[in-house]
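Here the structure comes first, spelled out in structure tokens, and everything after it is commentary.
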């Protein structure tokens with residue numbers, strides 16, 4: 014019984030996090046429009062976001078950063094990384110769908 018409860022609670026947590034990623038994707042689309050980039054550009058964007066996760070993690074660990082940053086919320090920085098990764102996956106899926114139609 015305990016395992017069922019844990020799974021249910023974990024699913025709620027997953028749903029909550031995935032909803033925030035979805036909302037961040039909507040916000041990104043509203044701010045910049047639907048973006049399509051070469052994979053190298055996407056990886057640069059993703060790398061920048063991952064760097065902000067690292068900076069926020071340093072802050073959480075009490076480590077001083079030598080660089081000024083607005084990356085002070087580790088959870089939200091992780092949401093940003095997931096949203097950018099989602100945008101990349103959306104583009105890849107779209108490209109694969111177009112190949113299947115052709």
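In my numbering, the protein residues as written are 14 to 115. Just so it is clear, CB atoms sit at the ideal spot from N, CA and C, and this is done for glycine as well. Just so we're clear, the structure is a prediction, and the values are computed from it rather than from any experiment.
In terms of alpha-carbon separation, which member of 102, 99, 62, 76 lies closest to residue 88? 62
Does the stretch 22–32 come into contact with the stretch 59–76, if we say contact requires no fewer than three beta-carbon pairs (one atom in each stretch) closer than 8 Å? No: fewer than three Cβ pairs fall under 8 Å.
Along the alpha helix (DSSP H) that carries residue 104, what are the first and last residues, could you check? 87–114
Cβ neighbours of residue 104 in the same chain (closer than 7 Å, five flanking residues each side left out): 49
Compare the Cα-Cα distances from residue 66 to each of 34, 20, 52, 93 and report the closest residue. Nearest option by C-alpha distance: 93.
Grab the span of the alpha helix (DSSP H) containing residue 52 for me, first residue to last. 52–73
Please classify residue 39: does DSSP put it in a helix, a strand, or coil? helix
Below 8 Å between beta carbons: does that hold for residue 101 and residue 55? yes
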